[in-house]
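Working notes, beginning with the structure itself.
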Amino acid sequence: MTRTVSRTFRTVAPAAGAPTISFLYPPEGQIGKEVRIRGTGFNADPSKNQVTFAGSGTQRLPAAIKNASASEVAIFVPYGAVTGPVQIAVDGAKSNDYLFHVLFRPDIAAGFPEFTAGASVKPIIWLDQPSTDVAPLASAKLTLDAGRINASGLVADAQAGEALVVSDYSQTAGVLTYRGLEPSGEKRHRFEVVGGGETLAWVYAVNSPGPKGVVFEVVLDSLADKGVRGQSLQISFTKDVYTVPAPKGTEVNRTMDLWSGPWNLFGWKMLVTVVDKITAQ
119 MTRTVSRTFR TVAPAAGAPT ISFLYPPEGQ IGKEVRIRGT GFNADPSKNQ VTFAGSGTQR
179 LPAAIKNASA SEVAIFVPYG AVTGPVQIAV DGAKSNDYLF HVLFRPDIAA GFPEFTAGAS
239 VKPIIWLDQP STDVAPLASA KLTLDAGRIN ASGLVADAQA GEALVVSDYS QTAGVLTYRG
299 LEPSGEKRHR FEVVGGGETL AWVYAVNSPG PKGVVFEVVL DSLADKGVRG QSLQISFTKD
359 VYTVPAPKGT EVNRTMDLWS GPWNLFGWKM LVTVVDKITA Q
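119 is the number of the first residue of the sequence shown in my numbering; add one for each residue after it.
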């Protein structure tokens, strides 16, 4: 699936003696990614080069500079940057604009609002995509290395096709419907998130096979340009499915594997792994 966003901006030749951008390597990337600007007229002193990215509206966002030479400046894509022109200024002289595509990974998270020692707690899943330029393909997997997981508890009293939860905290109303246990593979419990008459996402819950196990996998719908782009959902389950380790002070490593397939690089996926250490209270 390919999604195209059309953007137009005018490139003006730099004034005589001003720096010139020949190309960016790579020409696309996510927030925080290192990018190398190749060209002429740069300053070998990093502090003499000012690199900016497009931000919200007419905002220009400064990029942190890693190192510099007369023909190359290495920078990091700043937080809040959007697809648009990159520009470098040396001693006040501005270069030409050069288009850079910012690749967004959706904000997806799964967790527990409480972490009380020995208690069983309810999960919450957040889907937050304020931008419409994000990938239509994405998933998140959550793993906890301690405690007890019982994904079956989510659906102990539910029948396939039953609407379990209406998200009370959503900007867009969504209904979570249980679609049954998959017959093969990991035997995942499958839920469908529906809002505005469209499938927004699929949620899969899996029992822990041992001390470590995937609790949830959230998959954004990739069909017909759907998904939760430009929307926010908070899915609150009504069942306790995770038991926190009983001893107070026990540390639990929570690993979130997030991946997305950027719309302008079909067939390629970007993986981000976040590890948090939580203490049983």
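Cβ atoms here follow ideal geometry from the backbone N, Cα and C, with glycine treated the same way.
DSSP state of residue i mapped onto helix, strand, coil
i	result
Leu272	helix
Lys166	helix
Gln399	coil
Leu341	For Leu341, the predicted structure reports a pLDDT of 44, less than 50, and the residue's modelled location is therefore unreliable. A value from the coordinates is still provided. Leu341 falls in the helix class under three-state DSSP.
Asn214	coil
Val370	strand
Gln289	The predicted position of Gln289 is uncertain, since its pLDDT is 42 and thus under 50; a value taken from the coordinates is nonetheless stated next. Here Gln289 sits in coil by DSSP.
Leu69	Residue coverage of the chain in this structure runs from 119 to 399, which leaves residue 69 outside it and unanswerable.
Phe233	coil
Ser238	strand
Glu335	strand
Ala323	strand
Thr131	Reading off the sequence, residue 131 comes out as Ala, not Thr. DSSP places Ala131 in coil when its eight states are reduced to three.
Arg266	strand
Phe355	coil
Ala199	coil
Thr176	coil
Ile243	strand
Arg308	strand
Glu146	strand
Exposed unless 16 or more other CB atoms sit within 10 angstroms - verdict on residue i
i	result
Pro365	exposed
Lys259	buried
Ala398	buried
Ala162	exposed
Gly210	exposed
Asn167	buried
Glu76	The requested residue 76 does not occur in the structure, where the chain is confined to residues 119 to 399.
Tyr143	exposed
Val153	buried
Gly367	exposed
Close-in-space but distant-in-sequence residues of the same chain around residue i (CB under 8 Å, 5 per side omitted)
i	result
Ser189	Arg156, Gly157, Thr158, Phe160
Neighbourhood of residue i by C-beta distance below 6 Å, restricted to the same chain and skipping five residues each side
i	result
Ile149	Val195, Tyr197
Val169	Ala181, Ile193, Ile206
Pro248	Legend: pLDDT at Pro248 = 49, less than 50; position of this residue unreliable, value from coordinates given subsequently. So the list is empty, once near-sequence residues are dropped.
Lys151	Val195
Asp375	Lys259, Thr391
Ser238	Asp358, Thr361
Distance cut-off 7 Å: residue i Cβ against heavy atoms of the ligand GTP
i	result
Arg266	The ligand GTP is not among the ligands present in this structure, which contains no ligands whatsoever.
N-terminal and C-terminal residue of the beta strand (DSSP E) that residue i is part of
i	result
Leu142	138 to 143
Val204	202 to 208
Ile193	190 to 194
Ala364	No beta strand (DSSP E) contains Ala364, which DSSP labels as neither H nor E.
Ile183	182 to 186
Thr158	152 to 158
Same chain, Cβ closer than 7 Å to residue i, five either side skipped, listed in chain order
i	result
His219	Pro145, Glu146, Thr201, Asn382
Lys408	Residue 408 is absent from the model: the chain starts at 119 and stops at 399.
Arg308	Arg297, Gly298, Glu300, Trp320, Tyr322
Leu272	His307, Ala323, Phe355, Lys357, Val359
Val305	Rather than Val, the amino acid found at residue 305 in this sequence is Lys. Leu299, listed in sequence order.
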